[in-house]
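Read through the structure below, which is laid out as structure tokens, and then see the notes.
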Amino acid sequence: MASVTIVLDKRKSGQKKDGSFPIKLKIEHDNKHLTIHLSKHAKIEQWDRDKYNRKYPNSKRANNELNKKLVIAEDILDDYENEIKTWNCKQLRDFIALQILDEKSEKRDKKIKEKGGTLLMTPKGIKTIKLFEYGNHLVSHYENLKLYGRAKSYKQALSAFKKYTNCKEDITFAEITGKVLEQWKVNMMNKPMKDTSYNAYLRGLRAVINHGIKDHKLPKDGNYGFQYFTVGTPQPTQKRAIHLEQIKALFEYPLERETSLWHSQQQAIFMFNTNGINFRDLAYLRMNQIIGDFNRIKYTRAKTHKDFDIVIAGKSKEILQYYSQRKKLNSNELVFPILPQQILGLGKKEVTLYESRRDVFNNNLKKIASLAEIDTNLTSYVLRHSFATALKHSGTNISYISEALGHDSSKTTQVYLDSFETEDNDNITKSVAF
Numbered sequence: 001m002a003s004v005t006i007v008l009d010k011r012k013s014g015q016k017k018d019g020s021f022p023i024k025l026k027i028e029h030d031n032k033h034l035t036i037h038l039s040k041h042a043k044i045e046q047w048d049r050d051k052y053n054r055k056y057p058n059s060k061r062a063n064n065e066l067n068k069k070l071v072i073a074e075d076i077l078d079d080y081e082n083e084i085k086t087w088n089c090k091q092l093r094d095f096i097a098l099q100i101l102d103e104k105s106e107k108r109d110k111k112i113k114e115k116g117g118t119l120l121m122t123p124k125g126i127k128t129i130k131l132f133e134y135g136n137h138l139v140s141h142y143e144n145l146k147l148y149g150r151a152k153s154y155k156q157a158l159s160a161f162k163k164y165t166n167c168k169e170d171i172t173f174a175e176i177t178g179k180v181l182e183q184w185k186v187n188m189m190n191k192p193m194k195d196t197s198y199n200a201y202l203r204g205l206r207a208v209i210n211h212g213i214k215d216h217k218l219p220k221d222g223n224y225g226f227q228y229f230t231v232g233t234p235q236p237t238q239k240r241a242i243h244l245e246q247i248k249a250l251f252e253y254p255l256e257r258e259t260s261l262w263h264s265q266q267q268a269i270f271m272f273n274t275n276g277i278n279f280r281d282l283a284y285l286r287m288n289q290i291i292g293d294f295n296r297i298k299y300t301r302a303k304t305h306k307d308f309d310i311v312i313a314g315k316s317k318e319i320l321q322y323y324s325q326r327k328k329l330n331s332n333e334l335v336f337p338i339l340p341q342q343i344l345g346l347g348k349k350e351v352t353l354y355e356s357r358r359d360v361f362n363n364n365l366k367k368i369a370s371l372a373e374i375d376t377n378l379t380s381y382v383l384r385h386s387f388a389t390a391l392k393h394s395g396t397n398i399s400y401i402s403e404a405l406g407h408d409s410s411k412t413t414q415v416y417l418d419s420f421e422t423e424d425n426d427n428i429t430k431s432v433a434f
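Counting in full-length UniProt numbering, the sequence shown runs from 1 upward without gaps.
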């Protein structure tokens, strides 16, 4: 678990001529530690473990300044707890440094830019923050942190708003009034667009503006448009599950082996049989996550960071054995031929290819459904929902279904989820597996 502390760096290499040492913020994460220079110094006799003592002039004021930076860092650990699990120590250090930089430190800002780092602007008020200038910096910042999903959502929101306003010049946060937001929402509602889509754009724009206000330590004053505008909650998406008879027809439809359609069919069977595993987790499933003689899979869901331990049921064991022997995979290699091993770790290229392969998978499902004469817009989400519906029709407790899909994170549901025994879960999964 990540932690932050204020320390006096007593290494002689950093000692100044007057005998003082630099004060730093120490970040510990992933069994490593790095520091951020806070542009303050103290002599050994002026320092007590993590703060100035009375021997330092204006020690109370100086400690208040240090505590402000420490609180900002601690808030980041709380606010970004899930994201931090995917960062290395350097990424966390850079993110914290970005938030606690002194606004007057122009020389440091210049150095960050020269090194290719992302620097968020620090204007004096909400009336001067340029939306697209700041937004583009924020998108780049999250791309540098490899949080491509968040960067993409912000980028799409900014693009949609820019297209609506048709503005050739940048606009300030203050110009995005409640009236402007309401008009934009009405404009989107009058288009053939799902409410989930335009709500996502509105939430994305609000998140960009809120980031800007927080980064610049500004109050949400009368110029804050979202103060007078409510995004609202979209209507629940209408899920279209298909019956087990249709699932069987889809899975048993004869296809030529080793074709793209055939591979998608095998992956769909495995997906359904393993509690409707998410496509992302399917694509990144590794051989070392298969336990025993192809008896179970253990993995952590990418979206929620929740651990799953699922029995291998039905045809899934045969599918795993086939793919493991097909290319004699080693323990760290990906099970399914969705992503090539060499693309891993290549940032945006990896994300782009993953999204392309996901689209291919969903398109293949539609083609197989058409061949099997199943009249539905079949996607991986339909498979997941069909798995849940099959459990529901079999009389399975709704709490287990929430656990199996990893959807519900409410405290009330968790009380019920904790009561399930692994053996009970296995029997339920086996009851609907093909």
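The C-beta atom is built at its ideal place from N, Cα and C for all residues, glycine as well.
Determine the extent of the beta strand (DSSP E) in which Glu28 is found, giving its start and end residues.
The residue given as residue 28 occupies position 28 in the sequence shown. Residues 21–29.
Short Cβ contact (8 Å threshold) for Pro192 with His263
Along the sequence shown, read from residue 1 onward, the residue named residue 192 stands at position 192. Along the sequence shown, read from residue 1 onward, the residue named residue 263 stands at position 263. Contact flag unset, no.
Helix or strand or just coil, what does DSSP make of Phe387?
Here the question's residue 387 lines up with position 387 in the sequence shown. The answer is helix: DSSP assigns Phe387 an H, G or I state.
Between Lys32, Asn31, Asp30, Asn67, which has its C-alpha nearest Ile23's C-alpha?
Position 23 of the sequence shown, counted from the first residue, corresponds to residue 23. Of the candidates Lys32, Asn31, Asp30, Asn67, the one whose C-alpha sits nearest the C-alpha of Ile23 is Asn67.
Quick check on Arg296: does DSSP put it in helix, strand or coil?
As a working note, residue 296 is residue 296 in the sequence shown. Arg296: strand per DSSP, three-state reduction.
Check whether the region 143–160 touches the region 197–216, counting contact only when three or more Cβ pairs, one atom from each stretch, lie closer than 8 Å.
yes
Which residue wins for smallest C-alpha separation from His33, given the options Asp307, Glu373, Val7?
For the purposes of this step, residue 33 is identified with residue 33 of the sequence shown, where counting begins at 1. For His33, the nearest C-alpha among the options comes from Val7.
Starting from His33, follow the beta strand (DSSP E) in both directions and report where the run begins and ends.
What you label residue 33 is simply residue 33 of the sequence shown in a count that begins at 1. Unbroken beta strand (DSSP E) run through His33: 32–42.
Once the 5 residues before and after Thr376 are set aside, which same chain residues still bring their CB inside 7 Å of it?
Start at 1 with the first residue of the sequence shown, and residue 376 comes out as number 376. Hits under 7 Å: Arg240, Ile242, Ala369, Val382.
Hey, Leu181 and Phe229: beta-carbon distance below 8 Å or not?
Taking the sequence shown and counting its residues from 1, one reaches residue 181 at position 181. Taking the sequence shown and counting its residues from 1, one reaches residue 229 at position 229. In contact: Leu181 and Phe229 (Cβ atoms closer than 8 Å).
Considering only the alpha carbon of each residue, which of Thr389, Val360, Ala372, Ala388 lies closest to Thr379?
Translated into positions along the sequence shown, residue 379 becomes position 379. Checking every option, the nearest Cα to that of Thr379 belongs to Val360.
For Arg93, count neighbouring Cβ atoms within 10 angstroms of its own Cβ and tell me buried if that reaches 16, exposed if not.
For the purposes of this step, residue 93 is identified with residue 93 of the sequence shown, where counting begins at 1. Label assigned to Arg93: buried.
Between which residues of its own chain and Arg301 is the CB-CB distance below 7 Å, once the five residues before and five after are set aside?
Position 301 of the sequence shown, counting from 1, holds the residue named residue 301. Correct list, in chain order: Asn278, Asp281, Phe308, Gly406.
If you measure between the beta carbons of Thr35 and Asp75, is that distance less than 8 Å?
Within the sequence shown, the letter at position 35 stands for residue 35. Within the sequence shown, the letter at position 75 stands for residue 75. Contact flag unset, no.
Within the same chain, show all residues whose beta-carbon is closer than 6 Å to that of Ser153, passing over the 5 residues directly before and after it, in chain order.
One-based indexing of the sequence shown puts residue 153 at position 153. Excluding residues within five positions, the ones whose Cβ falls inside 6 Å are Gly204.
So, helix, strand or coil for Phe272, using DSSP?
For the purposes of this step, residue 272 is identified with residue 272 of the sequence shown, where counting begins at 1. Three-state result, Phe272: helix.
Excluding the 5 residues flanking Tyr354 on each side, which residues of the same chain have their C-beta closer than 7 Å to its C-beta?
The count along the sequence shown starts at 1 and reaches residue 354 at position 354. Counting only Cβ-Cβ distances below 7 Å, and skipping sequence neighbours, we find Ala283, Leu339.
I need the boundaries of the alpha helix (DSSP H) containing Ile312, first residue and last residue.
Numbered from 1 along the sequence shown, position 312 holds the residue referred to as residue 312. From DSSP, Ile312 is part of no alpha helix (DSSP H); its letter is neither H nor E.
So, helix, strand or coil for Phe229, using DSSP?
Taking the sequence shown and counting its residues from 1, the one referred to as residue 229 is at position 229. Coil at Phe229, not helix or strand.
Under three-state DSSP, which class holds residue 478?
Outside the shown range of the chain, which is 1 to 434, sits residue 478, and nothing can be said about it.
Note the first and the last residue of the continuous alpha helix (DSSP H) segment covering Leu344.
On the sequence shown, position 344 is the one that residue 344 refers to. That residue, Leu344, is in no alpha helix (DSSP H); it is neither H nor E in DSSP.
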